[in-house]
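**Student:**
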Amino acid sequence: MTETKSTALSSSRWSIKKIYPGDLISIAPLVTFRIFFGLLLFGSILRFWLRGWIDSVYVKPPFHFTYMGFEWVQPMGNTGMHLLFVLLAVSSLFIMLGLFYRASAIFFFLAFTYVELLDVTTYLNHYYFISLVCFIMIWLPANRSYSLDVLMRPHSKRSLVPSWTVNILRFQMGIVYFFAGLAKLNTDWMVNAIPMRIWLPAKTHLPIVGPLMYESWVAYLFSWFGAFYDLFIVFFLLNGKTRPVAYLFVIIFHVATAIFFPAIGVFPYVMIVSSLIFFSPRAHERMLSFLPFYKSQNGSLNSSVFTFAKPKVLGVCIAIFVVIQLLLPIRFLAYPGHLFWHEEGYRFSWRVMLMEKSGNTFFKIKDKATGKVSEINNAEFLTPLQEKMMSTQPDLILKYAHMLAAHYKQHDMEDPGVYAEIYVALNGERSRLFIDSTIDLAAQPLSWGHYNWVLPYKDKR
Amino acid sequence: MKKNALLSIASVALVTVVFFACKKSPSTTVTNPETGFDKKAMLTQYADGLIIPAYAEMQGKIAALKTASDAFVASPSEGTQATVKAAFTEAYLQYERIVAFQFGPAETALLDIYLNYSGGLDYSFSTAGQLTGFSVDTATIENNIASGSYDLTAMSRNTLYSQGFPALNYLYCSSGAVSRFSANAANRAKYINDVVQRMKTLVDGVAAKWTTYRTDFAANTQTSSGSPIAAIVNQMAYQLDMMKGPRIGWPFGKQSNGIVFAEKCEGYYAGISRALAIENITALKKLYTDNGSGKGISDYLVSLKKETLNADVLAQFDATLAKLQQVPDPLHTAFAAQPATVDAAYKEIQKLLTLLKTDVASATAVQITFTDNDGD
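Chains S and D are the protein sequences, given in the same order. So in the working numbering, spot 85 of the first sequence is number 85, and the numbers just go up one at a time. So in the working numbering, spot 112 of the second sequence is number 112, and the numbers just go up one at a time.
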């Protein structure tokens, strides 16, 4: 990848745009995005550390639910994990400052993704989003203006960038919102206002609006507004006329979700910050002008352009990325059965706060040689969080069963069979048997295919 | 563009105001008797009608136990032993009525850990010879008595297994409880006194703290992790996990392919395991209904239109109690002699656990987890 420096194209951006139609814009959106997103990463890493989660999630648990194909990804112990988080914090600050930007972005992406791959039970959509954005940021010239890299190497400064560098971030935001909206278009959410009708009565402690939380029309309002917001907010953000009001809604919506559902963590702030990317380059320049030492690019006679050396390779790569992003969330269509029940194709699909599901499991280990049966105490092997997540997700149930079989093989049981009686309650319905309790889970292979041992879902509402 | 900037500033200001308005002013009462459910009234009733009186009762039983204990150690005989056994049983049964209140002051004071250590749910139980479940560390107890030097506040499994109800159970009720006074009687008396006094201090401390804690307790109507409502629902699930585990299931051999660990039963020497289990479930039912006051979790479920679920939970409590009552006393003998009756009770316990852990928790939007974490 190389850059060329073009000079004296014009005295204003708008005429440059005429020369390179729709192709070049000010670097300002990338710079503000780099600064805000870097800060956000730093805050998230710090928060994770301060809550003691490095220890409770990655150091203490003896067993981790790995992703299929990533079984080799294992934690690095107490010192190693804490050191990694120190480096994550440092590299997030470097991203913000634009210092050793490319190296920091590569490191942050790899290290953060490594951490996320350690345990499926910690999967959160916004962590996946952070991984994706960090991957994109590796390829963006976000450090080519108002950065320490430019301070050290002034000749690397650029004021114009190809518009795809900003549009790819907008695309990623659009994917998150639109698929989150599509996911809400199901009977439970739209017709029955569930899970809102379950969750909102737990929020009556809120001042002013508290008493309303028992009203079912409020649950419908929340459900319908949420679906409408997710489906259409991107289009209102893209349109310059509606953008300011749309961003107001972004703030209101996400602050509201933060107040109503504090358990969603940093997600609202991720979205509030990331949505800034929809503002015009001029708005971003105005934002940057409030910062110290910032010199406006407007009216500069020496506008320098950042270009990529191999546009064809780049185009293909972007196309592949876009297609993957479009296909992953709809892969659930390839599986039979009710998505919320089977959760085949549920992750990596922007299904956020979509259902109320809980389960209770009774695992048994059977020595097939002697026929002796013992019950398993889950708390002996899993943390409360791991047990909670495992109880309702078939692939994790299978992973756990395999782990138990391996454990007992090590402890002098030649041929262990693992059986489980599992009850799951979905979206306010009564709990019922989740999987075939006569199936030896140890003999069932992990697979991308449909798990036949999960009992079919029957709507009893 | 100026308009846009103004709009942005106005929006940020508005959101800030809304945000802080929502953060502060927790004292606002939110009740709507027509359509809603008064959670503050529910929690107030829990505190004043159930929890605080139960702690007062516990103080009384411990005081009575101390009197009987003093008489026993002053002149150990079968007569004084019978009296202290009765007082001990009374106090232990009362403890089952407060054991599910492991939040607020009791949680801070580690009351359950010091009074009735169960080894922890995450500890491998089925190891013969190891201190697990409701074991008693008789070796450490006798060493402590012999040496006369010990620190009951130390955080080690040996220390925890040599005090509280399990230790007293051994010291009052085991065979030879009286005859062991023939040697080192002064040290034995002192040890018993120290154990009882420590239990009394802990219970008095927790009871005293509730007089101030009750206001915070009743005012916090959230359901997030650590809130009173979440704590009550979580405790019901936890206590049933304990029943399935160290109280009945594990000593019964559920985890060990039928190998029974009789001496790891709760209240083994006194032979009151079954009575303790029945009292525990009875107290849980009272916790669920808030002692039938009309202001309990059960009534909250009814207000959420979960009448069927509520009826099923109440019926399952009764079914569990009925099956437990069919197990012949003492429980640890029934494990081997009448396993079918224990198994029948065990199955009902599992059903009740599932109802509370999944259906009730889901309906009340409470997370069953003992740690806080993000989720989406």
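From the three backbone atoms N, C-alpha and C, an ideal C-beta is built for every residue, glycine too. Owing to the predicted nature of the structure, the values given are computational and were not obtained by experimental measurement.
According to DSSP, S162 of chain D sits in a beta bridge with which residue or residues?
**Tutor:** According to DSSP, which records beta bridges pairwise, S162 of chain D is partnered with nothing at all.
**Student:** For A208 of chain D, write down the residues that DSSP places opposite it in a beta bridge.
**Tutor:** According to DSSP, which records beta bridges pairwise, A208 of chain D is partnered with nothing at all.
**Student:** Between the stretch 174-185 of chain S and chain D, which residues of the former have a C-beta closer than 9 Å to a C-beta of the latter?
**Tutor:** none
**Student:** Name the residues in the stretch 203-217 of chain S whose C-beta lies less than 7 Å from a C-beta of chain D; which are they?
**Tutor:** Going along the stretch 203-217 of chain S in chain order, one finds T204, H205, L206, P207, G210, P211, Y214 and E215 with a Cβ nearer than 7 Å to chain D.
**Student:** Is G417 of chain S close to chain D, meaning its C-beta is less than 8 Å from at least one C-beta of that chain?
**Tutor:** no
**Student:** Using a Cβ cut-off of 7 Å, which residues of the stretch 366-387 of chain S contact any Cβ in chain D, in chain order?
**Tutor:** K372, V373, S374, E375, N377, A379, E380, P384 and L385
**Student:** Does K200 of chain D come within less than 8 Å of chain S when only Cβ atoms are used?
**Tutor:** no
**Student:** How is the alpha helix (DSSP H) around P268 of chain S delimited, first residue to last?
**Tutor:** Boundaries of the alpha helix (DSSP H) harbouring P268 of chain S: F267 to S274, taken from the DSSP string.
**Student:** Does F363 of chain S come out as helix, strand or coil in the three-state DSSP assignment?
**Tutor:** strand
**Student:** Rounded to whole angstroms, what is the Cα-Cα separation between Y123 of chain D and I251 of chain S?
**Tutor:** 46 Å
**Student:** Just to confirm before moving on: does the CB-CB distance between A103 of chain S and F42 of chain S stay below 8 Å?
**Tutor:** In this structure, F42 of chain S does not lie closer than 8 Å to A103 of chain S by Cβ.
**Student:** Is N158 of chain D closer than 8 Å to D137 of chain D when the C-beta atoms are compared?
**Tutor:** yes
**Student:** Assuming L237 of chain S contacts Y247 of chain S (C-beta within less than 8 Å), just tell me the rounded distance between them.
**Tutor:** 7 Å
**Student:** Looking at chain S, is there any beta carbon in it that lies within less than 8 Å of the beta carbon of Q235 of chain D?
**Tutor:** no
**Student:** Report the neighbours of F362 of chain S on chain D: residues whose CB is nearer than 8 Å to its CB, in chain order.
**Tutor:** F362 of chain S reaches chain D at Q350, counting residues in chain order whose Cβ is nearer than 8 Å.
**Student:** Counting pairs of beta carbons, one from the stretch 99-118 of chain S and one from the stretch 60-72 of chain S, are three or more of them closer than 8 Å?
**Tutor:** yes
**Student:** Taking only three categories from DSSP, how would you classify T28 of chain D?
**Tutor:** Here T28 of chain D scores only 40 on pLDDT, less than 50, and its place in the model should not be relied on; the value that follows carries that caveat. If DSSP states are grouped into helix, strand and coil, T28 of chain D belongs with coil.
**Student:** For C265 of chain D, is the classification buried or exposed, using 16 other Cβ atoms within 10 angstroms of its Cβ as the cut-off for buried?
**Tutor:** buried
**Student:** Touch check for the stretch 198-208 of chain S and the stretch 358-367 of chain S: three-plus C-beta pairs under 8 Å?
**Tutor:** no
**Student:** Grab me the residues of A361 of chain D's own chain with a C-beta within less than 6 Å of its C-beta, minus the 5 sequence neighbours each way, in chain order.
**Tutor:** V233 and I368
**Student:** Relative to the alpha-carbon of L314 of chain D, which residue among D:I297, D:Q325, D:L324 and D:Q326 has its alpha-carbon at the smallest distance?
**Tutor:** D:I297
**Student:** So, is the C-beta of T44 of chain D closer than 8 Å to a C-beta in chain S?
**Tutor:** no
**Student:** Does DSSP put R432 of chain S in a helix, a strand or coil?
**Tutor:** strand
**Student:** Quick one, which residues of the stretch 285-299 of chain D are near chain S if we go by CB-CB under 9 Å, in chain order?
**Tutor:** none
**Student:** Within the same chain, show all residues whose beta-carbon is closer than 7 Å to that of T89 of chain D, passing over the 5 residues directly before and after it, in chain order.
**Tutor:** A270 and I272
**Student:** If we define contact as Cβ-Cβ less than 8 Å, is T221 of chain D a contact residue for chain S?
**Tutor:** yes
**Student:** To the nearest angstrom, how far is it from the Cα of W350 of chain S to the Cα of I259 of chain S?
**Tutor:** Computed Cα separation, rounded: 21 Å.
**Student:** Go ahead and label T187 of chain S buried or exposed: buried means 16 or more other beta carbons lie within 10 angstroms of its beta carbon, across all protein chains shown.
**Tutor:** Classified as exposed, T187 of chain S has fewer than 16 neighbouring CB atoms from the shown chains inside 10 Å of its CB.
**Student:** Could you tell me whether any Cβ in chain D is nearer than 8 Å to the Cβ of W199 of chain S?
**Tutor:** yes
**Student:** Excluding the five sequence neighbours on either side, which residues of its own chain have a C-beta within less than 6 Å of the C-beta of G345 of chain S, listed in chain order?
**Tutor:** R331, F332 and Y335
**Student:** Per DSSP, G417 of chain S is paired with what?
**Tutor:** Checking the DSSP bridge columns, you'll see G417 of chain S partnered with S:K366.
**Student:** Would you mind sorting M155 of chain D into buried or exposed? The rule is 16 or more other CB atoms within 10 Å of its CB.
**Tutor:** Looking at its Cβ environment, which holds fewer than 16 other Cβ atoms inside 10 Å, M155 of chain D is exposed.
**Student:** Which partner residues of E375 of chain S appear in the DSSP bridge assignment?
**Tutor:** S:K364
**Student:** Using the Cβ count rule (16 or more neighbours within 10 Å means buried), how would you classify F252 of chain D?
**Tutor:** buried
**Student:** Can you have a look at D241 of chain D and say buried or exposed, based on whether 16 or more other CB atoms are within 10 angstroms of its CB?
**Tutor:** buried
**Student:** State yes or no: is the beta carbon of G428 of chain S nearer than 8 Å to at least one beta carbon in chain D?
**Tutor:** yes
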